[in-house]
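Under mature numbering (1 follows the signal peptide of the UniProt record, and there is no 0), the residues of the sequence shown are numbered -17 to -1, 1 to 72, in order.
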Amino acid sequence: MKLILLAALAAATPVMAQETTPPTTTADPVGGYQPSHPAISGPVTPGVKPIYVQAPSPDQAYPAPPPLDHYPICKPGQFDKCLERNSPK
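See the structure below:
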């Protein structure tokens, strides 16, 4: 009988929410990959010819990150910055 009362009391007790903040990573820039300033700084005045410059290649614009010194074995649900258990090194 005591167990039934204890179970009912435990079920009726409000549960406290755990406040956790997600971990932040510093790998990506804060503002994302958007430009830091607008392409055109103001209205174009008549008679001024705009200068067209070819965009850099994707390899120059978004260089690959340097490789890590060590890649640990992936944990369940982990897909980045790790090696699968049976993959060659």
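All C-beta atoms in this analysis are idealised placements derived from N, C-alpha and C, irrespective of residue type, glycine included.
Give me the residue from Pro26, Gln37, Ala44 with the minimum Cα distance to Gln17.
Ala44
Express the C-alpha separation of Ala22 and Ala38 in angstroms, rounding to a whole number.
12 Å
Using DSSP bridges, identify the partner residues of Ile56.
Leu66
Let me know the secondary structure DSSP gives Ala47 once reduced to three states.
coil
Can you list, in chain order, the residues of its chain whose CB lies under 7 Å from that of Tyr54, leaving out five sequence neighbours each side?
Lys64, Cys65, Leu66
Keeping to the same chain, check which residues put their C-beta closer than 6 Å to that of Ile34; ignore five residues upstream and five downstream.
none
Cβ shell of Phe62 (< 6 Å), same chain only, five flanking positions each side left out
None.
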